[in-house]
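Following: one structure in structure tokens, then a few remarks.
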Amino acid sequence: MKRTAADAALTRQTIIRAALRRFACDGWENCSLGDVARDAEVTRGAIYHHFAGKLDLLLAVLADRWEFYTCEFFAPRDAEGDAKAYAEGNGEGEPEAGTCAQHNGEAVDGDSAGDASAPEAGGAERYAVAKSSGADRVTDFLATYLEHLVTDTGFRELAVVSTLVAPRALQADQGMDEKRSGIALWGEYIDTALRDCGDALRLPLEASRFTIMSFIHGVTVSAALQPKDLAEPQGTRGIAEAIVHGLMSAD
Numbered sequence: 003m004k005r006t007a008a009d010a011a012l013t014r015q016t017i018i019r020a021a022l023r024r025f026a027c028d029g030w031e032n033c034s035l036g037d038v039a040r041d042a043e044v045t046r047g048a049i050y051h052h053f054a055g056k057l058d059l060l061l062a063v064l065a066d067r068w069e070f071y072t073c074e075f076f077a078p079r080d081a082e083g084d085a086k087a088y089a090e091g092n093g094e095g096e097p098e099a100g101t102c103a104q105h106n107g108e109a110v111d112g113d114s115a116g117d118a119s120a121p122e123a124g125g126a127e128r129y130a131v132a133k134s135s136g137a138d139r140v141t142d143f144l145a146t147y148l149e150h151l152v153t154d155t156g157f158r159e160l161a162v163v164s165t166l167v168a169p170r171a172l173q174a175d176q177g178m179d180e181k182r183s184g185i186a187l188w189g190e191y192i193d194t195a196l197r198d199c200g201d202a203l204r205l206p207l208e209a210s211r212f213t214i215m216s217f218i219h220g221v222t223v224s225a226a227l228q229p230k231d232l233a234e235p236q237g238t239r240g241i242a243e244a245i246v247h248g249l250m251s252a253d
């Protein structure tokens, strides 16, 4: 039976998720494509059909997973605002909360394949969110990010691969382009939210953004190196609130 494009896309996603787990568990040197193929329940030939080799697979893992999670962090911000912004900008129905166009139907923890249809351009752009309080938006974003690190195995694996595995691979920095573009999008989102805080900010906008982004980078490294030190799930919101509250004046 001839495989469809959707079948091929689903196989590619299955390989990427299996590779993420193997890279996180085994590291760059010890991860073998044979182990990835076994975990994905495909042949080594199937891997080479989609990827040129181990480095190409690593770069695809980084690009795909950072794109997915960037969409996830923006999707839940404000469902009503998302739907309105998306409808006004595209003239279409509202997006499903917790998904993005490139990974429609995929579970947040990355363990379910869902609908692996071909990527749609500009998926993250639909998540331009309008919410009343800039401080609330930044708090929501940080709480969601930290909660994923605490509760989502797939995201912790991505933190390990990005922080510890990728630097071991030659030229792996090119695989961080998607992460960097995602972080740039986060920076724009945070800038917009912080501007809405107006005179309530204790520090200039640039310093406030640096504080937020430093927290994001720090907890990501902690998730990779010392996952046992991460907060309990019920404490993630309070931590985010404390970070944002520290940026606000008491007046």
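In this text, residue positions in the sequence shown follow the working numbering: the first is 3, and each later residue adds one.
Cβ atoms here follow ideal geometry from the backbone N, Cα and C, with glycine treated the same way.
Spatial neighbours of A120 in its chain, beta-carbon cut-off 7 Å, leaving aside the 5 residues before and after:
Mapped onto the sequence shown, residue 120 falls at position 118. Confidence in A120 is poor, its pLDDT being 31 and thus under 50, which makes the residue's placement too unreliable to answer from.
Over what stretch of residues does the alpha helix (DSSP H) that includes M215 continue unbroken?
Working through the sequence shown from its first residue, we reach residue 215 at position 213. Counting along the chain, the alpha helix (DSSP H) containing M215 begins and ends at 207–227.
If contacts are defined as beta-carbon pairs under 8 Å, then E243 and T141 qualify, I think. What distance do you get, rounded to the angstrom?
Within the sequence shown, the letter at position 241 stands for residue 243. Within the sequence shown, the letter at position 139 stands for residue 141. Confirmed, about 6 Å.
Helix, strand or coil at L203 [DSSP, three-state]
For the purposes of this step, residue 203 is taken as the residue at position 201 of the sequence shown. Residue state, collapsed to three classes: strand.
How far does the alpha helix (DSSP H) with D231 in it reach, from first residue to last?
Locating residue 231 in the sequence shown gives position 229, where the first residue counts as 1. Premise fails: D231 is in no alpha helix (DSSP H) and is neither H nor E.
Please report the Cβ distance between L203 and L160, rounded to the nearest whole angstrom; I am assuming they are in contact, meaning their Cβ atoms lie under 8 Å.
In the sequence shown, residue 203 corresponds to position 201, counting from 1. In the sequence shown, residue 160 corresponds to position 158, counting from 1. About 31 Å separates the two Cβ atoms, so there is no contact after all.
Given V38, which residues of its chain have a CB within under 8 Å of its CB, disregarding the five upstream and five downstream residues?
Residue numbering aside, residue 38 sits at position 36 when the sequence shown is read from its first letter. These residues qualify, in order along the chain: I17, A20, A21, R24, I49, L59.
Outcome for R5 when other beta-carbon atoms lying within 10 angstroms are tallied against a minimum of 16:
Start at 1 with the first residue of the sequence shown, and residue 5 comes out as number 3. Classification for R5: exposed.
Neighbourhood of V163 by C-beta distance below 6 Å, restricted to the same chain and skipping five residues each side
Walking along the sequence shown from the start, residue 163 turns up at place 161. Same-chain partners within the cutoff: F25, A26.
Going by the CB atoms, is the gap between L35 and A171 shorter than 8 Å?
Numbered from its first residue, the sequence shown carries residue 171 at position 169. Numbered from its first residue, the sequence shown carries residue 35 at position 33. No, Cβ-Cβ distance for A171 and L35 is not below 8 Å.
Using only the alpha-carbon positions, how far apart do P235 and L148 sit?
Indexing the sequence shown from 1 puts residue 235 at position 233. Indexing the sequence shown from 1 puts residue 148 at position 146. Approximately 9 Å, taken between the alpha carbons.
What do you reckon, are the CB atoms on Y71 and F157 nearer than 8 Å?
Translated into positions along the sequence shown, residue 71 becomes position 69. Translated into positions along the sequence shown, residue 157 becomes position 155. Yes, these two residues count as a Cβ contact at 8 Å.
Considering only the beta carbon of each residue, do L151 and A225 sit closer than 8 Å?
For the purposes of this step, residue 151 is identified with residue 149 of the sequence shown, where counting begins at 1. For the purposes of this step, residue 225 is identified with residue 223 of the sequence shown, where counting begins at 1. Closer than 8 Å, so yes.
If the criterion is Cβ atoms closer than 8 Å, does the pair R197 and G136 meet it?
By 1-based counting over the sequence shown, the position of residue 197 is 195. By 1-based counting over the sequence shown, the position of residue 136 is 134. It is a contact, given that the beta carbons lie within the stated cut-off.
Check each candidate in T13, G29, D9 and name the one with the smallest Cα separation from L166.
Taking the first residue of the sequence shown as 1, we reach residue 166 at position 164. Checking every option, the nearest Cα to that of L166 belongs to G29.
Would the beta-carbon of I192 fall within 8 Å of that of I214?
Translated into positions along the sequence shown, residue 192 becomes position 190. Translated into positions along the sequence shown, residue 214 becomes position 212. Yes, the Cβ-Cβ distance between I192 and I214 is below 8 Å.
Quick one: give me the first and last residue of the alpha helix (DSSP H) that T6 is part of.
Residue numbering aside, residue 6 sits at position 4 when the sequence shown is read from its first letter. Element bounds for T6: n/a, residue is neither H nor E.
Considering only C-alpha positions, which residue in the set A233, T155, D138, F53 is nearest to C199?
Along the sequence shown, one-based indexing puts residue 199 at 197. The shortest C-alpha separation from C199 is found at D138.
Nearest residue (CA-CA) to E74, options L227, L187, I245:
Translated into the one-based positions of the sequence shown, residue 74 becomes position 72. Comparing Cα-Cα distances from E74 to each of L227, L187, I245, the minimum goes to L187.
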